[in-house]
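Worksheet: one structure, shown below.
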Amino acid sequence: MTRMPLTTRRAALFGGGGLLLATLWPSASPRASTGMLVENATAPFAPNAYIRITPDNSITLILPNIEMGQGIYTSSVMLIAEELCVDLARIEIEAAPPGSAEITGGSMSIMTEWKPLREAGAAARTVLIQTAATRWGVPPASCTAASGVVTHTTSGRTFTFGELATDAAKLPLPKEPTLKAASDYSLIGKSQHRVDSAIKVHGTAVFGIDINIPDQKIGTVAASPVIGGTLRSLDRDAAMAVRGVVAVLVNEPRDAVCVVGDHYWAAHKGLQALRPVWNENDNAHVSTQTIYDQLHDGLKGPAIIPSPKGDADAVIAKSHATYSAVYQQPMLAHATMEPINCTAHVRPDGCDVWVGTQVADRAQETAADVTGLPKEKIAVHSQYIGGGFGRRLEHEYITQCVQFAKQTSYPLKIVWSREEDITRDRYRPAYVDEVTAGLDEKGHVTAMKHRIVGPAVVARWDPPELTKDGYDEDLSVATLITPYTYDAYRLEFARREAPGVITAWWRGVGGTRGLFVVENFIDELAVKAGVDPVTYRRELAKENARAVAVLDRVAKDSGWSDPVPKGRARGVALQFAFGSYMATVAEVEMPTPDTVIIHRVTAAVDCGQVVNPDQVISQIEGGLIFGFSAALYNEITLENGRVQENNFNTWRVMRMNEAPRRIDVHLIASTEDPGGIGEVGTAAAAPALANAMASAQGHRYRTLPLLSSRNQEKGTAR
């Protein structure tokens, strides 16, 4: 594989900033600096699934999760390197092959790998020290490891890990290796530069879209604009007449076409000339209103009731007062910076796939299905991903690429246009929620009832994970699972699958959609009771010390009790999601009803043991901005079965001048096992912002996007 050359702009930046870059990032191993993930590393010392060490002291770590901007390669390397006692800059990274890699998503990487990765490093270190001690004829306790070297502390003699590798491979691994005490950490809990920062700034990091295989051709794709449509006709001659076009391909089941060229521009112009015409189906009659009508119809009638607590209906009926509100959330596109792409080379004896994917297993399985080859003949080469947000949990684009590549003798890279990427996305579902609370004389909650109407994404993505009664447990996040305690609670789920689109997970998953509803509603109850929103939440969460701690910290650091600057208002949100606690305060100004200035955002986070503090802060900052962008502007709409948004002129992304003027993130020290962090910022954005806007305008924002013309107060009290 060859890499694309540096662009002139990047080359100029590198030339002008070389001294700075050399200062920021320590010297890395030669292969690590190229930006390529190592593949098929072989070594005499391979003590477990994660570590490979060669006699030349090359250290490769095979990581089970994929890097897509969240910094997981750095944090995972830190966990292994901490216990293995090696320097981050000397490490090369290999993406785990299909069959061993876990799914990357749901903020689960550090939560699931916190102990296994440290144990892998500790076991390898123990064996390397034992090997050195045996050679010297000394007790292992008299030897130490640091920076990839074992030292006999009395004599000062040393061996590099590479010098010990061959003999170390002959020793059994300890079943329960001793892990470092937290007080001895040299990496964990201390901010580290990301291991991929330098190559990304240099422009040498290889993403899926950068793949350049010898003899490769590039194709771009058009699929039926209506889900389920099939090809009726095309102008093959017109496409082939475009200079540089080499082929026109149609997949089976004839729902997509691909024009192949010597370069992307030829393929793009050829696709324009192809002018495919499509047979449509009943989905051509679907509109946005069709979907919302179906969801609102689900507010009445049968529902699944998971894990009820007490008799909420009876308690509400006897309460001093009741309060209800209905919330509506739209479909959302992922709109990742790197559009969908995949490269495949299908041969009679095998198939190679180069792709950015969050689930390598599914890439391998679909390629095997399309080609008819056994899975062991399918090689998946995982690449850096330019944004996932759940989009790369899907694999239909890999299926499509292999379908087209199967018709060629050369490697074929398909790259979707931005328009194709947005209009043929798999969308975050639209939902409608109704929440009802029973209230006592002081306005405090006696019981809560919450109905969710919408799709069950897991029913399509992983049917066995759907409960026996048809419940998608992802919907429990931030609804059943909250920092709050109620005497009685009843969650209802009325499943309604959206017609005319395919729905999927989106950054924050159930936590994002659930938190907007619950935190909005809690805020409304506080206002109705005439109680400060922070105080109201503290009372509801009083049995949860970690939740109260982040709430108190954010109130202090945001100046919640201080007078609000003239023309401004504040809103708060409290959450427990992905194993982490966070409280967020947004301070806004609204010069007009459709203009929002976010002056300041303050967040207090308890995510358990922090691995890389800088990365946690970065993830919260990025997640908040991502979430604000979606909360204010974003909605996928349909007309005649066709998605209407198709590029960043119609799919609005928050501009730099619209971003919060200031974001302060405060990390609370904890010895608890780590929670997830990649999605908590996104989940917090909409409720904190909606509550601030409600305070500024004097009416509630129950519909997303917040600047939608449909937004108006519809709560009821009696």
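Every number in our numbering is 4 more than the matching position in the sequence shown, counting from 1.
Glycine residues also receive a C-beta, built at the ideal position from the N, C-alpha and C atoms.
Values in this document were obtained by computation on a predicted structure and should not be read as measured data.
query, result
"Y435 beta carbon less than 8 Å from that of Q333", "yes"
"Of the residues H454, V281, P102, the one placed nearest V261, counting alpha carbons only", "V281"
"Span of the alpha helix (DSSP H) around I402", "400-409"
"I602 (DSSP reduced to helix, strand or coil)", "strand"
"CA-to-CA distance, T234 to N283, given in whole angstroms", "5 Å"
"Separation of S413 from V252, as counted between CA atoms", "14 Å"
"Backbone CA spacing between T450 and A316 [nearest angstrom]", "9 Å"
"Member of R464, I55, A587 whose CA lies at the smallest distance from the CA of A608", "A587"
"Residue range of the unbroken alpha helix (DSSP H) whose run includes A172", "165-172"
"Bounding residues of the alpha helix (DSSP H) (the contiguous stretch that carries A242)", "240-244"
"Alpha-carbon to alpha-carbon, M594 and T370", "50 Å"
"Classification of F652 by the beta-carbon crowding that lies within 10 angstroms, buried from 16 upward", "exposed"
"Range of the contiguous alpha helix (DSSP H) that encloses L275", "268-278"
"Closest Cα partner of S111 within the set R258, I621, R511", "R511"
"DSSP state of H703 mapped onto helix, strand, coil", "coil"
"Beta strand (DSSP E) segments (min. 3 residues) lying fully within the segment 505-589", "572-581"
"Terminal residues of the alpha helix (DSSP H) in which K322 lies", "316-322"
"Sufficient close CB pairs (3 or more, under 8 Å) joining the segment 386-399 to the segment 57-71", "yes"
"Residue environment, R236, which counts as buried when at least 16 other CB atoms sit within 10 Å", "exposed"
"Contact the segment 554-566 vs the segment 517-527: 3+ CB pairs below 8 Å", "no"
"S80 versus E98: straight-line alpha-carbon distance, rounded", "12 Å"
"Same chain only: Cβ atoms within 8 Å of L642, ignoring 5 sequence neighbours per side", "V290, S291, T292, T294, I295, G504, V505, Q648"
"C-alpha distance - L555 paired with V538, whole-angstrom precision", "7 Å"
"Proximity to I217 [Cα-Cα], best of D266, A169, A172, P176", "D266"
"Helix, strand or coil at Q480 [DSSP, three-state]", "Here the sequence assigns Ser to residue 480, which means Gln is not the residue at that position. Looking at S480 - three-state DSSP - the assignment turns out to be helix."
"Sufficient close CB pairs (3 or more, under 8 Å) joining the segment 140-148 to the segment 166-178", "no"
"Span of the alpha helix (DSSP H) around L235", "Unbroken run through L235 is the beta strand (DSSP E), 234-237; no alpha helix (DSSP H)."
"T224 versus A271: straight-line alpha-carbon distance, rounded", "6 Å"
"Pairwise C-alpha distance: L529 and E625", "29 Å"
"CA-to-CA distance, W358 to A383, given in whole angstroms", "8 Å"
"Closest by C-alpha distance to S151, when choosing among F211, I215, N61", "N61"
"Where the beta strand (DSSP E) containing V131 begins and where it ends", "Where V131 is concerned, there is no enclosing beta strand (DSSP E), although the alpha helix (DSSP H) it sits in stretches over 113-140."
"N650 classed as buried or exposed, judged by whether at least 16 other C-beta atoms fall within 10 angstroms", "buried"
"Nearest to P306 (by Cα), restricted to the options V589, D286, R500", "R500"
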